[in-house]
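One structure is given below, encoded as structure tokens.
Numbering (UniProt numbering), first residue to last: 1 to 172.
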């Protein structure tokens with residue numbers, strides 16, 4: 001199966017490849033495609049839409065059999081800002097599977113920067129004095145003391161998405 005991944009972000013692409021290759025014989029193609037949402041999605045709905053758009057744009061651009069899109073965002077609950085993440089799998093026949101993953105509270109000093117219009121990735125780079133943290137640990141890795149990183153978080157989402165796909169194949 002030819003599978004496109006709607007990103008070149010290392011954490012996202014490694015998550016898709018490591019999970020999918022366990023269950024599907026596939027060739028992978030990486031595509032930097034637009035999410036069609038703001039650079040910093042500010043709700044679960046916007047983040048999910050970004051993941052779906054990435055999957056659809058990747059399949060459209062590549063002509064692959066299937067494509068994956070992953071999107072990270074933030075969501076406010078009771079005045080607190082949480083990291084949220086969504087994944088989508090689009091098939092050439094139009095089927096779409098989606099799932100969300102772990103959510104973790106952002107410290108107020110980080111949340112305030114995001115509320116002021118900054119994207120979480122650069123805020124985390126400044127906060128940690130590191131570059132491109134979004135391709136490695138991510139905010140989740142920093143604020144879980146390294147117990148889970150962004151790749152692992154996205155692997156969980158991909159497992160949920162692929163599981164739905166495999167279940168649908170079993171029941172059809």
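Backbone N, C-alpha and C fix where the C-beta goes; we use that ideal spot for every residue, glycine too.
- One alpha carbon belongs to residue 135, the other to residue 61, and they sit about 23 Å apart.
- The Cβ-Cβ distance between residue 33 and residue 57 falls below 8 Å.
- The Cβ atoms of residue 85 and residue 47 lie closer than 8 Å to each other.
- For residue 44, same chain residues with a beta-carbon under 8 Å away, outside a window of 5 residues either side, are 73, 75, 84, 86 and 100 in chain order.
- Its Cα nearest to that of residue 90, the residue 59 stands out among 63, 119, 105 and 59.
- DSSP places residue 118 in the coil class of the three-state scheme, outside both helix and strand.
- Contact annotation, residue 38 with residue 54: C-beta distance approximately 14 Å; criterion of less than 8 Å not satisfied.
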